[in-house]
Each structure stands twice: as structure tokens, then as C-alpha cells.
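The sequence shown stops at residue 149 when you use this note's numbering, and every number in between is there. Note that beta-carbon positions come from the ideal geometry of N, C-alpha and C, so glycine has one too.
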Amino acid sequence: MFDHKETLGYVAAQIARTLANRLREGLTPLGLLPAQYTALAEIARAEGLTQKDLVERLDLEQPGVARTLGGLEAMGWIERRQVKGRSQGLWLTERARSALPRANEVAAAVDREALVPLSRTERAHLLDVLGEVVDAGRVGDTPLRRG
3 MFDHKETLGY
13 VAAQIARTLA
23 NRLREGLTPL
33 GLLPAQYTAL
43 AEIARAEGLT
53 QKDLVERLDL
63 EQPGVARTLG
73 GLEAMGWIER
83 RQVKGRSQGL
93 WLTERARSAL
103 PRANEVAAAV
113 DREALVPLSR
123 TERAHLLDVL
133 GEVVDAGRVG
143 DTPLRRG
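Here it is in C-alpha cells:
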């Protein structure tokens, strides 16, 4: 008999919810939400990238990224500057630069805690296999096939 609780979708959703809640708890004292942290961390990797670049790097929908960036800008976490033509690049403010190391520590701690039951080899294998599953779902931008 089919058990939905034994599907990748169900298990992945449970993991995502648990990790997001723990990350939210750790980031709240810094004044950040998980989506905001993710955007800041990616901007820190390549300051000056455009909103379009960020959408592609995060593989998220443009309207959601735009809302997140609008909130970050209004709260003084990022600023936009003209780069090429009409494009605007995204830069961290001093506030973000000073908070990001602590936010990275929080994210790393949440990740370590989640993977405690696994050996180093098992952790590496899990991340490799999940990466393959993600990549397989993107091939040709077609939905996963039933099989």
C-alpha cells in the first residue's frame, strides 16, 4: 500500500520545514528571516550583481526576490547602485557586513545539528545524492517523470 510519508516529497518538506524553523529562531535576534539571510549571503558572494542575477543564482521566482530585496533595502541591509545602463547592482550596507558573520554561524550551526546523526562520509554522500536529485528535476526544465 502506498504511504505518502515514505516519499521524497514528504520527507524533503519535513526537513525543509524543520530547518527553516530552526534557522528562523537563530536569525530572529539579528532581525533577519531565512529568505533575507539567503539573499544577503548570495549578495556577499558577488556584490554588484543585479536582481536578475540574484533570481537566477537562487533559482527563485522574480516577484518573491523583488519583495525580499525591497524589504532588505527599506530596513537598511542593502543598497542599490547604478551599474550598467539602467541596471542596478546590489551591495551590502555596513549593517549587513557586521551581521552576516553571525548569521553565517547560525546557518552553519543549524546545518551541523541536522547532520549530527550521520558520519562525515554519510553527510557528503547525502548532499551529493540530493544534488543529483535536484539536477535531475531541472533537466530540460520539465517536471519529474512518473516511473
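Nearest-angstrom Cβ-Cβ length linking residue i and residue j, presumed shorter than 8 angstroms
i	j	result
G50	G91	4 angstroms
I17	I45	Wrong, their Cβ atoms sit about 26 angstroms apart, outside the cutoff.
A32	A105	The question names Ala, but residue 32 in the sequence shown is Leu. Indeed they touch by this definition, with Cβ atoms about 6 angstroms apart.
R26	P36	6 angstroms
Residue i - containing alpha helix (DSSP H), residue span
i	result
P65	64–76
G133	122–140
D55	53–60
Among the options, the one whose alpha carbon lies nearest that of residue i
i	options	result
L29	L10, A101, R19	A101
L60	L42, A14, R83	L42
L94	A110, A14, A111, T40	T40
L34	T70, L10, R122	T70
N23	L128, G139, V108	V108
V131	L10, A98, D5, H6	L10
R83	T20, T52, R99, A68	T52
Buried versus exposed call for residue i [16 or more other C-beta atoms within 10 Å across all chains shown]
i	result
Q38	buried
L128	exposed
L74	buried
V112	buried
L56	buried
A98	buried
Item to check | Within the region 81–115, ranges of the alpha helix (DSSP H) (whole runs, at least 4 residues) | outcome: Taking only runs of at least 4 residues, no alpha helix (DSSP H) segment lies wholly in the region 81–115.
Checklist entry - What are the complete beta strand (DSSP E) segments, minimum 3 residues, inside the region 5–43? => result none
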